[in-house]
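Quick notes on the structure that follows.
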Amino acid sequence: MALNLVWLQSGGCGGCTMSLLCSHAQRLFAQLADAGINVLWHPALSEESGAEALALLEECAEGRQPLDILCIEGALLRGPGGSGRFHLLSGSGKPMTEWVARLAARAGHVLAIGSCAAWGGVTAAGVNPTQACGLQYENDHPGGLLGAAWRGRGGLPVINISGCPCHPDWITETLMALALGAFGAQDLDSFNRPRFFADHLVHHGCMRNEFYEFKASAHKPSDLGCLMENMGCKGTQAHADCNTRPWNGDGSCTRGGAPCISCTEPGFEEPGHPFHETPKLAGIPIGLPTDMPKAWFVALAALSKSATPRRVRENAVADHQVVVPAVKKTGLK
Amino acid sequence: MTRIVIGPINRVEGDLQLTLEAEDGHVAAAWVSSPLYRGFEQILRGKHPFDALVFAPRVCGICSVSQSQAAAEALADALGLVAAPNGRIARNLAHAVENLADHFTHFYLFFMPDFARAEYAGHAWHAGIAERFRAIHGSAAETVMPARAAFLTALGTLAGKWPHSMTLQPGGMTRALEASEKIRLFSLLRDFRRHAETTLFNDTLESVAALDSVAALTRWAAEKPRGDFGIFLDIAAELQLAKLGRGIDRFLSYGNYPQAEGRLLPSGIWDGGLRTLDAQAIVEDVSHAWLAGETRHPAQGETRPQDGKDAGYSWCKAPRLDGQPMETGALARQLMAGHPLARDLVAREGANVHSRVVARLLEIAVILPEMEKWVWQLAPGEPFCAQGELPQEGAGIGLVEAARGSLGHWLSIEGGRIANYQIVSPTTWNFSPRDAAGIPGPLEQALVGAPAGEGSLAIQHIIRSFDPCMVCTSH
Numbered sequence: 022m023a024l025n026l027v028w029l030q031s032g033g034c035g036g037c038t039m040s041l042l043c044s045h046a047q048r049l050f051a052q053l054a055d056a057g058i059n060v061l062w063h064p065a066l067s068e069e070s071g072a073e074a075l076a077l078l079e080e081c082a083e084g085r086q087p088l089d090i091l092c093i094e095g096a097l098l099r100g101p102g103g104s105g106r107f108h109l110l111s112g113s114g115k116p117m118t119e120w121v122a123r124l125a126a127r128a129g130h131v132l133a134i135g136s137c138a139a140w141g142g143v144t145a146a147g148v149n150p151t152q153a154c155g156l157q158y159e160n161d162h163p164g165g166l167l168g169a170a171w172r173g174r175g176g177l178p179v180i181n182i183s184g185c186p187c188h189p190d191w192i193t194e195t196l197m198a199l200a201l202g203a204f205g206a207q208d209l210d211s212f213n214r215p216r217f218f219a220d221h222l223v224h225h226g227c228m229r230n231e232f233y234e235f236k237a238s239a240h241k242p243s244d245l246g247c248l249m250e251n252m253g254c255k256g257t258q259a260h261a262d263c264n265t266r267p268w269n270g271d272g273s274c275t276r277g278g279a280p281c282i283s284c285t286e287p288g289f290e291e292p293g294h295p296f297h298e299t300p301k302l303a304g305i306p307i308g309l310p311t312d313m314p315k316a317w318f319v320a321l322a323a324l325s326k327s328a329t330p331r332r333v334r335e336n337a338v339a340d341h342q343v344v345v346p347a348v349k350k351t352g353l354k
Numbered sequence: 014m015t016r017i018v019i020g021p022i023n024r025v026e027g028d029l030q031l032t033l034e035a036e037d038g039h040v041a042a043a044w045v046s047s048p049l050y051r052g053f054e055q056i057l058r059g060k061h062p063f064d065a066l067v068f069a070p071r072v073c074g075i076c077s078v079s080q081s082q083a084a085a086e087a088l089a090d091a092l093g094l095v096a097a098p099n100g101r102i103a104r105n106l107a108h109a110v111e112n113l114a115d116h117f118t119h120f121y122l123f124f125m126p127d128f129a130r131a132e133y134a135g136h137a138w139h140a141g142i143a144e145r146f147r148a149i150h151g152s153a154a155e156t157v158m159p160a161r162a163a164f165l166t167a168l169g170t171l172a173g174k175w176p177h178s179m180t181l182q183p184g185g186m187t188r189a190l191e192a193s194e195k196i197r198l199f200s201l202l203r204d205f206r207r208h209a210e211t212t213l214f215n216d217t218l219e220s221v222a223a224l225d226s227v228a229a230l231t232r233w234a235a236e237k238p239r240g241d242f243g244i245f246l247d248i249a250a251e252l253q254l255a256k257l258g259r260g261i262d263r264f265l266s267y268g269n270y271p272q273a274e275g276r277l278l279p280s281g282i283w284d285g286g287l288r289t290l291d292a293q294a295i296v297e298d299v300s301h302a303w304l305a306g307e308t309r310h311p312a313q314g315e316t317r318p319q320d321g322k323d324a325g326y327s328w329c330k331a332p333r334l335d336g337q338p339m340e341t342g343a344l345a346r347q348l349m350a351g352h353p354l355a356r357d358l359v360a361r362e363g364a365n366v367h368s369r370v371v372a373r374l375l376e377i378a379v380i381l382p383e384m385e386k387w388v389w390q391l392a393p394g395e396p397f398c399a400q401g402e403l404p405q406e407g408a409g410i411g412l413v414e415a416a417r418g419s420l421g422h423w424l425s426i427e428g429g430r431i432a433n434y435q436i437v438s439p440t441t442w443n444f445s446p447r448d449a450a451g452i453p454g455p456l457e458q459a460l461v462g463a464p465a466g467e468g469s470l471a472i473q474h475i476i477r478s479f480d481p482c483m484v485c486t487s488h
């Protein structure tokens, strides 16, 4: 029996769907079908429109049509004044929050697609004008629209495929693992993110690692150096595998010269400092690498800075290599 | 007179609702509603101006680079900064990749699947179209989606990732390209050209770009063995799509792709003839939006939700130029650029379902060869990003073209923070509600006279011919 999948979008940008369509699977839909997933409705991709689409959602909400996997993209908008009227699902006159709650009550599994659906994300930034929250979290507080105690028919809490956007593989591999019966509670981290990507740090595999080792830091946009000390990069703290599982071929934010803004983490949208600047106390970045005691970091940084080769030091503040690695004349030992 | 509410309207970006009044089976009046509000303009207030580079792309998952480009230009304007030539070219490349990928996505995944619907089963072409274009299951998607994904790997190289890149900067790009990466980009462009020339056009891009009249287009469609564009032209002729969704025939383009001098596609307005655009003549009217306030120029614009406002029926403001609604998109861009086919299409039957889609595909043929030239203009070793000082007080404007039309950002800075940030998106223009004078928006006017009814595919074709992006619309 194929698993029926319904996808809905609310307070977001649709970017996670666009990211999904960047999947390198040669035949994305065929691959999902092969794993036993039937895409019952997706707002950007399906044929059914208007009344047909509403009828289909109503059948799922009433339990007449089995709903196995519910994917929600975008934050849940509880405003204004708790009414949910910042997003009435078109044609229905009903708040999307109400539709999501009804459908979630029937679903085998619920997936939060992207950081908006997981925590509130960018839509909850600033004054949070729409009272946006995630499905089962509001920022890093359990709760959200469905409440901390909610569990799907399959026994799992909402699976938070966070990211802004999320990587296409994070979506497809979670879906396929669920469909193939290879995903359980042990596969979720403490924020209910799939561990296959969340047990890594963005720092892992970062191309700027030699600059990091020597604390040879970028000072301005387009510099090649490490982005942690000055440019706001949180790659040493953010949970994701962006530099070992590249984006759009060979990309990642840090490879592109942009700092990691930790978009898989709850609350990333309000870091309390400009995104492009590293907050510091007495010249030391406040956000130290995960699992690294401060005293060690300070000692190592001082030592490595004093030992920085000229090549690394000069390239760090240039936008292309100004000193290339020396070529040794004899065979390497 | 019957009243029909249609929604959710799918295969557009975001959520859209239509209310139609029908008389004798045809639309007598239409009201277009954007039922989702997120409040980006409220969110951005008080933030560091450079934070706009993080938030702006996230307004929209499909025109993300366009939003970045508009934010980068608005900031550059406020900083008085001119982008490094390499950075300007790299940004143009990133922007054009997104725009062309959008045209592709729109045609194959959003627009064409409607012709595969069972309602058209009586037509001789239906079985073939259904096999090729049916939503999710059509065979076209099997080659189109990998081709699109491969094309977008150019943004992995240029921009780190897509969507939501942060490499686009006021001074250029954070990513300085190397000589070998120029080769890789060039080969990606050539791959996409090959796909377009074999699958979409079954002809060279240059031949398609050289079509200089409706007569030449008709001749070409009859002579060339069928590519997907030819298939569309056949269906369009049979279903008379040129008679469907006639627009207001007033067009706007901000122009796109800055060069050392001017823009590759010039800005302008078209009102039976080409006129100079005066961006000062733009206002946003909120009379029929669920928003408080009064009609203002975007530089002084405000965004204050007012739930339950009696006259309101959308979260979308109504932008007007010289008091008039304007249609924006690929057809408008090619009109301003003086493309003879676009000029002839509009001279004969204005903007309609046929001419909007033709212009979009024409643009692939026109822009891709330009991109191939841009790659060779990149000079590795020269700077990719100019640096500037952020003023404590200032203002800036960023006017660009997303795939679906004119996108403007208006920024003001006070005390080193964003005092106001206003975004007017392409679909804000095209799908605007009525204004205080009661003038309906472009789609609202284009729907009048179309066959009405919940299941009317004509309505669906008209909506999608604009390639709407609803998340941008009300942001």
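These protein sequence lines map, in sequence, to chains A and B.
Here the first sequence stands for residues 22 to 354, where the numbers follow my numbering.
Here the second sequence stands for residues 14 to 488, where the numbers follow my numbering.
Backbone N, C-alpha and C fix where the C-beta goes; we use that ideal spot for every residue, glycine too.
Remember, it's a predicted structure, so these values are computed and weren't measured experimentally.
Handout entry: For Thr118(A), three-class secondary structure by DSSP
Key = The residue labelled residue 118(A) in the question sits at position 97 within the first sequence. DSSP places Thr118(A) in helix when its eight states are reduced to three.
Exercise for the section: Have a look at Gly27(B), Val25(B), Asp37(B) and flag the residue whose alpha-carbon is nearest the alpha-carbon of Arg16(B). Expected result: As a position in the second sequence, residue 16(B) is number 3, starting the count at 1. It is Asp37(B).
Practice task
List the residues of chain B whose Cβ lies closer than 7 Å to the Cβ of Gln47(A), in chain order.
Solution key: Indexing the first sequence from 1 puts residue 47(A) at position 26. Under the 7 Å cutoff, chain B gives Pro159.
Handout entry: Range of the contiguous beta strand (DSSP E) that encloses Cys43(A)
Key = In the first sequence, the residue the question calls residue 43(A) occupies position 22. Taken as a continuous stretch (DSSP letters only), Cys43(A) belongs to no beta strand (DSSP E), as it is neither H nor E.
Exercise for the section: Indicate whether the contact test is met: 3 or more Cβ pairs, each with one atom in the stretch 235 to 248 of chain A and one in the stretch 215 to 222 of chain A, closer than 8 Å. Expected result: no
Practice task
Return yes when the Cβ of Pro126(B) is within less than 8 Å of the Cβ of Arg239(B), no when it is not.
Solution key: Here residue 239(B) refers to the residue found at position 226 of the second sequence. Here residue 126(B) refers to the residue found at position 113 of the second sequence. No. Outside cutoff.
Practice task
Assign Arg477(B) to one of three DSSP states: helix, strand, or coil.
Solution key: Counted from its first residue, the second sequence places residue 477(B) at position 464. Helix.
Exercise for the section: Please go through the same chain and pick out, in chain order, the residues whose beta-carbon is closer than 7 Å to the beta-carbon of Thr166(B), but skip the five residues on each side of it. Expected result: Within the second sequence, numbered from 1, the residue matching residue 166(B) stands at position 153. Within the same chain, Thr166(B) has close Cβ partners Leu201.
Problem - DSSP three-state assignment for Arg58(B), whether helix, strand or coil - result: In the second sequence, residue 58(B) corresponds to position 45, counting from 1. Arg58(B): coil per DSSP, three-state reduction.
Exercise for the section: Closer than 6 Å by C-beta to Ala83(B): which residues in its own chain qualify, once you throw out the five before and the five after it? Chain order, please. Expected result: Translated into positions along the second sequence, residue 83(B) becomes position 70. Gly411, Val413, Leu420, His422.
Handout entry: CB contact flag (Phe212(A), Asn181(A), <8 Å)
Key = Position 191 of the first sequence holds residue 212(A). Position 160 of the first sequence holds residue 181(A). Yes; because the gap between Cβ atoms is below 8 Å, this pair is in contact.
Problem - 6 Å Cβ shell around Arg123(A) - same chain, five flanking residues per side excluded - result: Looking up residue 123(A) in the first sequence gives position 102. Excluding sequence neighbours, Arg123(A) sits near Ala82.
Problem - For Leu122(B), the first and last residue of its enclosing beta strand (DSSP E) - result: For this step, residue 122(B) is matched to residue 109 along the second sequence. No beta strand (DSSP E) holds Leu122(B); DSSP gives it neither H nor E.
Handout entry: C-alpha distance - Gln152(A) paired with Glu286(A), whole-angstrom precision
Key = By one-based count along the first sequence, residue 152(A) stands at place 131. By one-based count along the first sequence, residue 286(A) stands at place 265. Gln152(A) and Glu286(A): Cα-Cα distance of roughly 19 Å.
Handout entry: CB-CB length for Val40(B) against Val461(B), believed under 8 Å
Key = Within the second sequence, the letter at position 27 stands for residue 40(B). Within the second sequence, the letter at position 448 stands for residue 461(B). Yes, Val40(B) and Val461(B) are in contact; Cβ-Cβ is about 5 Å, under 8 Å.
Exercise for the section: Could you tell me whether the stretch 91 to 109 of chain B touches the stretch 267 to 282 of chain B, where touching means 3 or more Cβ pairs closer than 8 Å? Expected result: yes
Practice task
Step through the CB atoms of chain B and report whether any lies within less than 8 Å of the CB of Gly278(A).
Solution key: Along the first sequence, one-based indexing puts residue 278(A) at 257. Closer than 8 Å to some Cβ of chain B, the Cβ of Gly278(A) qualifies, so yes.
Practice task
Would you kindly check if the distance between the Cβ of Gly451(B) and the Cβ of Ser445(B) is under 8 Å?
Solution key: In the second sequence, counting from the first residue as 1, residue 445(B) sits at position 432. In the second sequence, counting from the first residue as 1, residue 451(B) sits at position 438. No, these two residues do not count as a Cβ contact at 8 Å.
Exercise for the section: Using three-state DSSP, classify Asp298(B) as helix, strand or coil. Expected result: The residue labelled residue 298(B) in the question sits at position 285 within the second sequence. Asp298(B) falls in the strand class under three-state DSSP.
Practice task
Check distances from the C-beta atoms of the stretch 136 to 165 of chain A to those of chain B and list, in chain order, the residues that come in under 7 Å.
Solution key: Val143, Thr144, Ala146, Gly147, Val148, Pro150, Thr151
Practice task
Using alpha carbons as the reference points, say which of Gln30(A), Glu234(A), Gly272(A) lies closest to Thr257(A).
Solution key: Position 236 of the first sequence, counted from the first residue, corresponds to residue 257(A). The option with the nearest alpha carbon to Thr257(A) is Glu234(A).
Problem - the stretch 301 to 320 of chain B in contact with the stretch 47 to 58 of chain B per 3-pair CB rule at 8 Å - result: yes
Problem - Touch test, the stretch 41 to 57 of chain A against the stretch 99 to 115 of chain A, Cβ-Cβ under 8 Å, three pairs minimum - result: no
Exercise for the section: Determine the burial state of Gly351(B): buried for a count of at least 16 other Cβ atoms within 10 Å of its Cβ, exposed for fewer. Expected result: Taking the first residue of the second sequence as 1, we reach residue 351(B) at position 338. By the 10 Å Cβ count, Gly351(B) comes out exposed.
Handout entry: the stretch 88 to 97 of chain A contacting the stretch 31 to 44 of chain A, beta-carbon criterion three pairs below 8 Å
Key = yes
Practice task
Give me the Cα-Cα distance between Ala378(B) and Ile295(B), rounded to the nearest whole angstrom.
Solution key: Working through the second sequence from its first residue, we reach residue 378(B) at position 365. Working through the second sequence from its first residue, we reach residue 295(B) at position 282. Approximately 31 Å, taken between the alpha carbons.
Practice task
Counting only the same chain and skipping the five closest in sequence on each side, list residues whose C-beta sits under 7 Å from that of Arg497(B).
Solution key: Since the first residue shown for chain B is 14 and the last is 488, residue 497(B) is missing from the structure and cannot be characterised.
Practice task
Assign Ala471(B) to one of two classes, buried (16 or more other C-beta atoms within 10 Å of its C-beta) or exposed (fewer than that).
Solution key: For the purposes of this step, residue 471(B) is identified with residue 458 of the second sequence, where counting begins at 1. Ala471(B) comes out buried.
Exercise for the section: Please report how far the alpha carbon of Ala42(B) lies from the alpha carbon of Ala109(B), in whole angstroms. Expected result: Locating residue 42(B) in the second sequence gives position 29, where the first residue counts as 1. Locating residue 109(B) in the second sequence gives position 96, where the first residue counts as 1. Spanning the two alpha carbons is a distance of roughly 37 Å.
Practice task
Quick one: list the residues of chain A neighbouring Ile149(B), beta-carbon separation under 7 Å, in chain order.
Solution key: The sequence position of residue 149(B) within the second sequence is 136, counting from 1. Those are Phe50, Val60, Leu66, Ser67, listed as they occur along chain A.
Practice task
Over the uninterrupted alpha helix (DSSP H) stretch that includes Glu236(B), give me the two end residues.
Solution key: Here residue 236(B) is taken as the residue at index 223 of the second sequence, counted from 1. It spans 227 to 236 - the alpha helix (DSSP H) in which Glu236(B) sits, taken as one unbroken run.
Handout entry: Chain-ordered residues of the stretch 242 to 261 of chain A with a beta carbon less than 7 Å from chain B
Key = Pro242, Ser243
Problem - Exposure of Ala137(B), with buried meaning 16 or more beta-carbon neighbours within 10 Å - result: Residue 137(B) sits at position 124 when you count from the first residue of the second sequence. When all chains shown are included, Ala137(B) counts as exposed.
Practice task
Pull up the CB-CB distance for Gly258(B) and Ala35(B), whole angstroms please, since I reckon it's below 8 Å.
Solution key: Here residue 258(B) refers to the residue found at position 245 of the second sequence. Here residue 35(B) refers to the residue found at position 22 of the second sequence. Wrong, their Cβ atoms sit about 16 Å apart, outside the cutoff.
Handout entry: Cβ pair count under 8 Å reaching 3, the stretch 222 to 231 of chain A against the stretch 257 to 272 of chain A
Key = yes
Problem - CB contact flag (Arg161(B), Ala153(B), <8 Å) - result: To locate residue 161(B), count along the second sequence from 1; it is residue 148. To locate residue 153(B), count along the second sequence from 1; it is residue 140. No, the pair does not count as a contact, with Cβ atoms beyond the cut-off.
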